[in-house]
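Reviewing the structure listed below.
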Amino acid sequence: MKKILRKWWLYVFIGIVLLIVFFYYQNNSIVISKHTKQSDNLPEVFDGYKIVQLSDLHNKSFGDDQSYLVEKIKKAEPDVIVFTGDVIDSRRYDEKPSIKLMEKIVEIAPVYYVTGNHEWRSQKFNSLEEKLKNTGVHVMRNTTEEITLGSEKIRLIGVDDPSHNSGVESDVVTTGNYIESALKDVDDEETFQVLLSHRPELLSLYSNYGIDLVFSGHAHGGQVRIPFIGGLIAPNQGLLPTYTSGEHIANDTTMIVNRGLGNSLFPLRVFNRPEIVVVTLRTDE
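Position 191 of the sequence shown, counting from 1, maps to 191 under UniProt numbering, and the rest follow consecutively.
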């Protein structure tokens, strides 16, 4: 009987160790997801241009001074880096991991950033914004910026998360107003346009503005991913959400949803490793 009990406890111990290893791997081993966006709108000089997208860090650290994450970004050789919100977590506010990351990656490529819902929920964004700007990050708040190569350009549009509006209007109305505010002085609609917006569930809205490429996050990949089905649950989308990962198309607009790097309310990822997205722009197929 004692031998049987010892053997049973050994199996339990091995099972617990394997679970710990599995969850550690799922939550700390970063995957690189590669996409290509082709457009006749894209100037020839931007053919092969690489955009690295990061999202939803939620205070997480990957190695000392973010060394593991930074090395992954370096290897992707980006021409520009975009960050689509929730760099901090409002439930356990700690800006040090995000500031350390930004200090490192602005040395790799220009960094453009928009807010997520957690920045506004923390009620500490004013001081965080100043620190991000001091590191050299382009903080985009319902604004546009042009990236130029020679005499050609593409346009970045960056909008705040609609939670900044505190529920006065719907997320759709608020975000639409933000996009229109950003585009109010734009008079050349033929320019290739890239939108940075935290919320993926608003794709149908984004497609109304002649935007070629959208980068979003927020859904955390559905947190738990069910093989052959997808994400289990996402904020503002509920159970079995549509927009949790990868590429989605509406009209002529392509949206890339980043699964994010960290966690918030639910502390674990399952079949849903932290993600860096790399998009290469192409003028032809």
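Yeah, the Cβ is synthetic: ideal placement off N, Cα and C, and Gly gets one too.
Residue i and residue j: beta carbons closer than 9 Å?
i: valine 278; j: alanine 109; result: no
i: threonine 174; j: glutamate 201; result: no
i: aspartate 56; j: asparagine 251; result: no
i: residue 320; j: serine 245; result: Residue 320 cannot be examined here, being either before or after the span of the chain that is shown, 1 to 285.
i: serine 264; j: aspartate 86; result: yes
i: glutamate 275; j: glycine 260; result: yes
i: glutamine 38; j: arginine 269; result: no
i: glycine 63; j: arginine 282; result: no
i: phenylalanine 83; j: valine 45; result: no
i: arginine 155; j: isoleucine 147; result: yes
i: leucine 42; j: isoleucine 81; result: no
i: threonine 191; j: isoleucine 51; result: no
i: serine 181; j: asparagine 117; result: no
Assign residue i to buried or exposed, taking buried as 16 or more other Cβ atoms, counted over all protein chains shown, within 10 Å of its Cβ.
i: valine 137; result: buried
i: tryptophan 9; result: exposed
i: aspartate 212; result: buried
i: isoleucine 249; result: exposed
i: valine 168; result: exposed
i: serine 127; result: exposed
i: glycine 238; result: exposed
i: serine 61; result: buried
i: threonine 36; result: exposed
i: tyrosine 112; result: buried
Please classify residue i: does DSSP put it in a helix, a strand, or coil?
i: lysine 60; result: coil
i: residue 300; result: What the structure shows of the chain is the stretch from 1 to 285, and residue 300 is not part of that stretch, so it cannot be assessed.
i: glutamine 53; result: strand
i: leucine 42; result: coil
i: leucine 213; result: strand
i: phenylalanine 192; result: coil
i: isoleucine 229; result: coil
i: glutamate 119; result: helix
i: histidine 35; result: strand
i: valine 137; result: coil
i: glutamate 71; result: helix
i: threonine 283; result: coil
i: tyrosine 113; result: strand
Identify every residue that forms a DSSP beta bridge with residue i.
i: alanine 250; result: Thr253
i: alanine 234; result: Gly238
i: histidine 149; result: Rather than histidine, the amino acid found at residue 149 in this sequence is leucine. According to DSSP, which records beta bridges pairwise, leucine 149 is partnered with Glu152.
i: valine 82; result: Gln53 and Tyr112
i: glutamate 275; result: Val31
i: threonine 143; result: Gly158
i: valine 224; result: Val270
State the Cα-Cα distance for the pair residue i and residue j, rounded to the nearest angstrom.
i: valine 70; j: phenylalanine 22; result: 23 Å
i: glutamate 119; j: valine 31; result: 25 Å
i: leucine 149; j: aspartate 171; result: 35 Å
i: serine 216; j: serine 67; result: 24 Å
i: phenylalanine 228; j: lysine 153; result: 40 Å
i: threonine 143; j: serine 207; result: 18 Å
i: proline 267; j: valine 194; result: 31 Å
i: leucine 101; j: leucine 19; result: 29 Å
i: residue 287; j: isoleucine 179; result: Absent from the structure is residue 287, since the part of the chain shown begins at 1 and ends at 285.
i: glycine 158; j: glycine 176; result: 12 Å
i: phenylalanine 13; j: leucine 232; result: 29 Å
i: lysine 133; j: glutamate 103; result: 10 Å
i: serine 90; j: arginine 6; result: 45 Å
i: isoleucine 226; j: isoleucine 88; result: 27 Å
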